[in-house]
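Peer 1:
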């Protein structure tokens, strides 16, 4: 849920979501000037001083030592909300940082449409960025055949579980719908919450589940067709995926049922996973950071956790699949006088795969989606974490996380209106019809982010 040791995606999206959809070229009250001096400016925020210091030492000071041009000046801009608001206001006024850090492709679209991002194709050819990034990731920053955004982190949904709990109950980690339903029935009968999940801390948690069932039930090919306008969101396969998620809620398998889901808090859910009163946790790969207070060497239970891919709830097209999302991006301010230096910094980050993986090992960051090789991993890296990044790098097919590949209003609809489906106020058919109407409107406005092909081999 973090870029190279920066603020959590949760916090950054919270800030970005409140920016509104008004035109950037409109009237702006006040402005933020570009950083003082001749330095290359970058505004960021961090969730801890440890992350801030690591980033400054590893990805700022090291660049300045090597680079002969303008040095990078890192400015800390409060929390995710204030960062996004200050940056958006400054960019609209023709100022702002030279390097622009966004919460992901869908949040960079309005800047592209307003002409505030420099086209990166020239730099990409110069430095070979398309060759070093994973194909789906490079494609996520391309709009209308032109590259504007370089992904700086990536994430996927996984199933974290307590291996000790599974061993004690004699359960098998599920890989298919049939196996999941067998496991969930057994867990519920034993008084164990089958899937730890809840949105009391973060309302948009519901889109984690929608992302899972869109991709792992309907299938990535179907979702790709809907995202590109080839089929409507009312396609029966999509409706059935939503209905299946609703059914699992009705059975009490998701978060203990409808009522509990809306009161479950993250700390409680991790505690349940630790003590065996929950079986698995459907969560993003940012779990490797957020689980630290619960599974730890100090508590003597660090070896108990493990993870597995989300089960295939659909047919064969949902097997061996990782639904992928971009946690954040870098772009170059079209009004910057230091665009070459900005490109040099992006290339600095893309040129050191080992440094990215060292950050994963040391501070549990989420790395830039590069084409990683076996010798890029540090010796002390947890093999369970390495297994995830190996799996994503070697994947032949990908799925689509809603907060990366859906336009902004459609993304908000996905979790807000799904809550109404969960509580029985809206049918799966009506939900999909509403999404289809809104999505078509945003598509006509050019607000659908780039959609890479699901087959990447």
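Numbering (the working numbering), first residue to last: 812 to 1268. Heads up, the beta-carbon is just placed ideally off N, CA and C, and yes, glycines get one too. Bear in mind the structure is a predicted one, so any value in this text is a computation, not a measurement.
1. Have a look at 917, 1206, 927 and flag the residue whose alpha-carbon is nearest the alpha-carbon of residue 904.
2. Just to confirm the assignment: which complete alpha helix (DSSP H) runs, minimum length 4, are found wholly within the segment 934-977?
3. In chain order, what residues of the same chain lie with their CB nearer than 6 Å to the CB of residue 935, ignoring the 5 residues before and after it?
4. How many Å lie between residue 1264 and residue 1042 at the Cα?
5. Are residue 1144 and residue 908 closer than 8 Å when you measure CB to CB?
6. According to DSSP, is residue 1204 part of a helix, a strand, or is it coil?
7. Report the partner residues of residue 883 according to the DSSP bridge assignment.
8. In this structure, how does DSSP classify residue 1081 when only helix, strand and coil are distinguished?
9. Report the three-state DSSP secondary structure of residue 1021 (helix, strand or coil).
10. Indicate whether the contact test is met: 3 or more Cβ pairs, each with one atom in the segment 918-932 and one in the segment 1112-1120, closer than 8 Å.
11. Whole angstroms is fine: what's the gap from residue 1255's alpha carbon to residue 964's?
12. Hey, out of 1247, 1239, 1241, whose CA is closest to residue 1217's CA?
13. Measure from the alpha carbon of residue 1210 to the alpha carbon of each residue in 1022, 1223, 990, 1053, then state which is nearest.
14. Let me make sure I understand the geometry here. Which of 1250, 1266, 1244 has the alpha-carbon closest to that of residue 1046?
15. Under a three-way DSSP split, which group does residue 1222 fall into?
16. When you compare only the Cα positions, how much space is there between residue 1261 and residue 1080?
17. Less than 8 Å separating the beta-carbons of residue 943 and residue 1161?
18. Could you check where the alpha helix (DSSP H) with residue 1168 kicks off and where it finishes?
19. With a threshold of 8 Å between beta-carbons, can residue 949 be considered close to chain C, or not?
20. When DSSP builds the beta bridges, which residues end up paired with residue 1064?
21. Between the beta-carbon of residue 1154 and the beta-carbon of residue 988, is there less than 8 Å?
22. Could you check if residue 955 is buried or exposed, using at least 16 other CB atoms within 10 Å of its CB as the buried criterion?
23. Hey, how far is the Cα of residue 1001 from the Cα of residue 977?
24. Spell out the partners DSSP gives residue 987 in its beta bridges.
25. On the premise that residue 1140 lies in contact with residue 919, defined as a C-beta separation below 8 Å, what is that separation, rounded to the nearest angstrom?
26. Assuming residue 855 and residue 912 are in contact, meaning their beta carbons sit under 8 Å apart, how far apart are those beta carbons, in whole angstroms?
27. What does a CB cutoff of less than 6 Å around residue 1089 pick up in its chain, not counting 5 residues either side in sequence?
28. Per DSSP, residue 1137 is paired with what?
29. Would DSSP call residue 911 helix, strand or coil?
30. What's the call for residue 1266, buried or exposed, on a 16-neighbour Cβ count within 10 Å?
Peer 2: According to the data block:
1. 927
2. 940-943, 946-951
3. 941, 958
4. 15 Å
5. Their beta carbons are under 8 Å apart, which means residue 1144 touches residue 908 by this criterion.
6. helix
7. 851
8. helix
9. helix
10. no
11. 29 Å
12. 1247
13. Answer by Cα proximity: 1022.
14. 1244
15. Three-state result, residue 1222: helix.
16. 34 Å
17. yes
18. 1164-1174
19. Among the protein chains of the structure shown there is no chain C, as only one such chain exists.
20. Answer by DSSP bridge pairing: none, since residue 1064 is not bridged.
21. no
22. exposed
23. 12 Å
24. 1123.
25. Their Cβ separation, rounded to whole angstroms, is 6 Å, which keeps residue 919 and residue 1140 in contact under 8 Å.
26. Rounded, the Cβ-Cβ distance is 6 Å, consistent with contact.
27. 1004, 1007, 1083
28. 965
29. Here residue 911 sits in strand by DSSP.
30. Per the 10 Å Cβ criterion, exposed.
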